[in-house]
Amino acid sequence: MKRFPKPVVLVSKCLEFEKVRYNAQVIPSKIVRDLEPFVEYIKVCPEVEIGLGVPRDTIRIIKTNGEKRLVQPKTGRDITERMQEFITVFLDNLQEVDGFIFKSRSPTIGIRGIKVYSGVKDASVIEKGSGFFAEQLIGRYSGYPMEEEDRLTNRRIRNHFLVHLFTFAGFREIKQRRSIEELVEFNHRNRYLFMSYHHENCNQMDELLANRQERGIDEIFVDYEELLKRIFSTPHTSDSIIVAVKEIISLISYHILEVDIHFLNEVIEKYEKNLIGYEGLIEMLRFFVMKFDESSIIDDSLFHPYPEHLQEVVDVDRDRDFWKN
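Residue numbers (this note's numbering): 5 to 329.
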């Protein structure tokens with residue numbers, strides 16, 4: 005059975021854990037529940053950390069004279085300095101992390117679409133961006149897996165986040181040990197997964213490690229991490245996935261009958277036309293690799309990028325009786 009690293013995830017405390025939201029509610033989140041056995045959570049609620057209490061008056065971001073401020077409209081209280089002091093201390097002392105799951109629409113910890121107002125009361129929205137806390141965290145952790153709980157209900161976003169998260173956690177373990185040999189193995193074990201995201205960056209990783217004798221360990225890890233961030237800067241596409249699939253088929257083709265190759269090409273064509281899903285394509289490929297490959301392609305993370313228990317069902321309505329009166 006494949007061993008997976010245990011990612012460290014910074015998560016909004018109001019998601020599943022404590023009633024710290026402004027209205028003293030806890031927010032249910034399936035992804036946070038699903039991940040709990042497989043990750044180490046660090047929980048945070050910036051508002052509570054600076055002593056605003058629960059329940060509390062809502063806060064908002066306003067922009068005045070080109071500067072963003074954090075205020076409570078009901079009281080007119082400005083908490084910008086207190087929040088900034090907490091953010092600086094918290095981030096300066098934050099341990100190594102692999103990813104982030106935050107509460108959407110939060111003026112402190114929301115990642116996107118957060119309203120910025122022109123004033124404290126009866127003011128219009130003049131722009132949208134990230135929450136007060138999240139904006140500074142994004143600056144420090146650019147390229148890390150980072151999502152909001154409501155977006156993670158989307159199947160494709162969830163899959164991309166999980167692949168990104170567990171890959172980053174595996175890299176962190178190797179980086180901490182500063183082992184070039186383990187990094188080479190890590191790259192080999194993830195080669196077709198990386199190719200399914202970005203073929204050119206995958207080749208650059210290979211080239212970096214092939215020429216590792218010419219560079220120092222620290223420089224290699226810095227450059228490799230930057231390439232890793234680029235790999236996951238966008239989700240994989242059907243075109244990039246097909247590139248990786250065809251590459252694997254070419255490697256095992258000398259074992260396969262012509263009729264089987266024809267069948268695989270038909271499966272790829274159906275995937276191109278969106279007539280079968282990604283999971284079906286990869287599972288079919290896995291069958292042929294298990295049967296005919298004599299190397300270690302089957303161990304590639306393309307086939308198992310994260311624990312199987314985190315894989316969602318394909319059709320939630322499959323066994324629903326739509327004909328029942």
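By construction, the Cβ of each residue, glycine as well, lies at the ideal position given by its N, Cα and C atoms.
Quick check on Gln99: does DSSP put it in helix, strand or coil?
coil
Take the Cβ of Asp222 as the centre, count every other Cβ of all protein chains shown within 10 Å, and call the residue buried at 16 or more, exposed below.
exposed
Close Cβ partners of Arg86 (< 6 Å) along its chain, the five nearest in sequence each way excluded
Ile54
Just mark Pro59 as buried or exposed, buried being the case when its beta carbon has 16 or more other beta carbons within 10 Å.
exposed
Got a sec? Which residues, its chain only, sit under 6 Å from Gln208 by beta carbon, not counting five neighbours each side?
Leu231
Using the C-alpha atoms, what's the distance from Ala28 back to Phe137?
20 Å
Can you name, in chain order, every residue of its own chain whose Cβ lies under 6 Å from the Cβ of His164, other than the five neighbours on each side?
Pro239
List the whole-angstrom C-beta distance separating Val317 from Leu285, where the pair is believed to meet the contact cut-off of C-beta under 8 Å.
So it is not a contact: roughly 17 Å between Cβ atoms.
What residues in its chain sit with their C-beta under 8 Å from that of Ser183, if we drop five residues either side in the sequence?
none
Measure how close the beta-carbons of Phe104 and Tyr45 come, nearest whole angstrom, since I'm counting them as under 8 Å.
Phe104 to Tyr45, Cβ: 11 Å. No contact.
CB of Val13 within 8 Å of CB of Val43, strictly:
yes
Please list the segments of the alpha helix (DSSP H) lying wholly inside the region 152-184, counting only runs of 4 or more residues, in order along the chain.
159-181
If we count the other Cβ atoms within 10 Å of its Cβ and call it buried at 16 or more, is Ser16 buried or exposed?
buried
Helix, strand or coil, according to DSSP, for Tyr145 in the structure here?
coil
Residues in its own chain within less than 8 Å of Asp264 by CB, not counting five upstream and five downstream?
Phe292
Please say whether Tyr196 and Asp304 have beta carbons closer to each other than 8 Å?
yes
Determine, using beta carbons only, whether His259 and Phe296 come nearer to each other than 8 Å.
yes
Restricting to Cα atoms, I'd like to know which of Arg322, Gln315 and Asp323 is closest to Asp38.
Gln315
Could you spell out where the alpha helix (DSSP H) holding Leu213 opens and where it closes?
His203 to Ala214
Tell me which residue opens and which closes the alpha helix (DSSP H) that Tyr275 is part of.
Glu262 to Glu276
When Glu185, Thr79 and Leu141 are compared against Gln217, the one with the closest alpha-carbon
Glu185
How is the alpha helix (DSSP H) around Glu223 delimited, first residue to last?
Ile221 to Ile235
If we ignore side chains and look at the alpha-carbon of each, how far apart do Val129 and Gly114 end up?
16 Å
CB of Tyr310 within 8 Å of CB of Val167, strictly
yes
Ordered list of alpha helix (DSSP H) runs contained in the region 6-67, each at least 4 residues:
34-39 and 50-53
Nearest by alpha-carbon distance to Glu229: which of Thr62, Lys179 and Leu74 is it?
Lys179
Euclidean distance between Cα positions of Asn69 and Val226:
39 Å
On the three-state DSSP scale, how would you describe Glu316?
coil
Restricting to Cα atoms, I'd like to know which of Glu251, Tyr121 and Glu262 is closest to Gly135.
Tyr121
In chain order, what residues of the same chain have a beta carbon less than 7 Å from the beta carbon of Asp61, not counting five sequence neighbours either side?
Gln76, Lys78 and Thr79
Where Ile118 and Thr84 are concerned, what is the direct C-alpha to C-alpha distance, given to the nearest angstrom?
16 Å
Taking the alpha-carbon positions, what's the Asn97 to Phe90 distance?
11 Å
Counting only the same chain and skipping the five closest in sequence on each side, list residues whose C-beta sits under 7 Å from that of Arg193.
Asp303, Asp304 and Ser305
Of the choices Phe106, Asn215 and Ala173, whose alpha-carbon is the least far from that of Val188?
Asn215
DSSP on Leu74, reduced to helix/strand/coil?
strand
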